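In this note's numbering, the protein residues as written are 512 to 1014.
And the structure:
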């Protein structure tokens, strides 16, 4: 098979108030798997969106096979065989259509646009064949809404293969996946590389890149920092230092906060649909309590149940000794609870609204008078202060949240609840999709809340994180808490033992 080289030369792009890319050179060869890394806001996704025809107002030149090409819309990219699978897979799929219809979606659109009859039997068979080629076992007649995140990702990759993909961009593909699902994704990516597809692999999980990628490009502040072969001799800390532009200490050293009396007490709580069962736990003032478990253990379901997004079936919750009777998130917020959800773009922010309204939305009573007239000046002042305090990188408080990096979007979600001044903060996978530098910022922010006497629930499948920042840890398995441990007296091995059902 002939190698085809894709080259980007001197690519620059600006958005209002920020130069997102500044003279970037990037290249990819078909049949190779290439890592692209950088801190949040480094320009990784922006550069790849230029290739995908999403960011169209770039300057510079793109070459495919040595020939100059123009990519000014997604169709241009598809015609060149360039496909992208974004981190938020749900936005790229149509949930009420079947797997077959989603896999063959572009073919369907073309046929309907030309007013051609669709042979549904043939379409389903074509979908089966491409899924079989990828060794993906999914019923093509099943609605996409019923699939797991990992299966949805495979459906999207299958759609790319149908489109005669020559270059595939995967943006944070492993962020929502378990270890076994990640290994299955790696298998599919390797098969595509054997078929002469060039793959760009964007990830903040640096250690996994050594397993799948052959070379790596590091970006920082919209510029290329370095291109390197990805070998075992290249240490993770060296990569991190290239990303951050400074030295980096791998292990976070937790500060000791004074722990007070019981703040939130949960007794034998069971969610109505029994997604979580018999939950008994206590969070004290100034305490950071971890909820650890593998993907699917019930951590997110527990967070949503505590926040009353999922209905309670039985059990008792007390805040400061008073029984809570929250029948929905609104009452939970009024009681003093705050939730920073895992899916921040879907559930945590108003993605098409400016930063200012996102930061003030949970505490609108502070900005409205008896006639419900909003004090815009105070809103702006408080938003600017929060932006400064949290180090949110944005041109102004009027910037649309969708245009911020993942780490800065996460800070906006937290800023919303800081502005509300809640009693208990529930963090569900707070470092998902953010870089190592932003993780440090998140840890310090959470510790700052604990120092003010707030109660913190920190739910994650990253065991090193709960060991670094938490005082106590509850381990979940199959929707239940099966073990309580002191963070200082346990280790990753013990957490893994209980999270896999160990007794």
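Note that CB positions come from ideal geometry on N, CA and C, so glycine has one too.
Just so you know, these numbers come straight off a predicted model, no measurement behind them.
Spatial neighbours of residue i within its chain, please: CB distance less than 8 Å, with the 5 preceding and 5 following residues excluded, ordered by chain position.
i, result
"residue 840", "818, 819, 820, 850"
"residue 587", "564, 580, 581"
"residue 1001", "978, 984"
Which word fits residue i, buried or exposed, when buried means at least 16 other C-beta atoms lie within 10 angstroms of its C-beta?
i, result
"residue 1014", "exposed"
"residue 999", "exposed"
"residue 957", "buried"
"residue 568", "exposed"
"residue 902", "exposed"
"residue 843", "buried"
"residue 607", "exposed"
"residue 677", "buried"
"residue 808", "buried"
"residue 968", "buried"
"residue 550", "buried"
"residue 962", "exposed"
"residue 578", "exposed"
"residue 769", "exposed"
"residue 744", "exposed"
If the criterion is Cβ atoms closer than 7 Å, does the pair residue i and residue j meet it?
i, j, result
"residue 860", "residue 816", "no"
"residue 752", "residue 771", "no"
"residue 672", "residue 610", "no"
"residue 919", "residue 904", "yes"
"residue 948", "residue 739", "no"
"residue 799", "residue 980", "yes"
"residue 810", "residue 870", "no"
"residue 790", "residue 573", "no"
"residue 865", "residue 858", "no"
"residue 777", "residue 828", "yes"
"residue 824", "residue 783", "yes"
"residue 709", "residue 978", "no"
"residue 729", "residue 645", "no"
"residue 604", "residue 613", "yes"
"residue 966", "residue 988", "no"
"residue 593", "residue 562", "yes"
"residue 801", "residue 533", "no"
"residue 521", "residue 571", "yes"
"residue 1003", "residue 971", "no"
"residue 712", "residue 546", "yes"
"residue 669", "residue 642", "yes"
"residue 974", "residue 1006", "yes"
"residue 596", "residue 681", "yes"
List the residues that DSSP assigns as beta-bridge partners of residue i.
i, result
"residue 818", "None; residue 818 has no bridge partner."
"residue 823", "782"
"residue 540", "516"
"residue 731", "734"
"residue 654", "609"
"residue 803", "971, 986"
"residue 601", "In DSSP, residue 601 forms no bridge with anything."
"residue 532", "524"
Got a sec? Which residues, its chain only, sit under 6 Å from residue i by beta carbon, not counting five neighbours each side?
i, result
"residue 994", "986, 1009"
"residue 862", "856, 912, 913"
"residue 885", "878, 879"
"residue 638", "611, 614, 615, 651"
Going by DSSP in three states, residue i sits in which element: helix, strand or coil?
i, result
"residue 683", "coil"
"residue 991", "strand"
"residue 984", "strand"
"residue 726", "strand"
"residue 582", "coil"
"residue 572", "strand"
"residue 526", "strand"
"residue 882", "coil"
"residue 560", "helix"
"residue 926", "helix"
"residue 852", "coil"
"residue 749", "helix"
"residue 911", "strand"
"residue 904", "coil"
"residue 791", "strand"
"residue 1003", "helix"
Spatial neighbours of residue i within its chain, please: C-beta separation below 7 Å, excluding the five flanking residues on both sides.
i, result
"residue 846", "830, 835, 837"
"residue 653", "609, 610"
"residue 686", "598, 943, 944"
"residue 890", "867, 871, 878"
"residue 873", "844, 927, 928, 930, 931"
"residue 485", "There is simply no residue 485 to check, as the chain begins at 512 and stops at 1014 in what is shown."
Is the closest heavy atom of the ligand GTP to the C-beta of residue i under 6 Å?
i, result
"residue 935", "Because no ligand of any kind appears in the structure shown, any question about the ligand GTP cannot be addressed here."
At the 7 Å Cβ level, is residue i part of the contact set with chain B, yes or no?
i, result
"residue 644", "Included in the structure is just one protein chain, with no chain B present."
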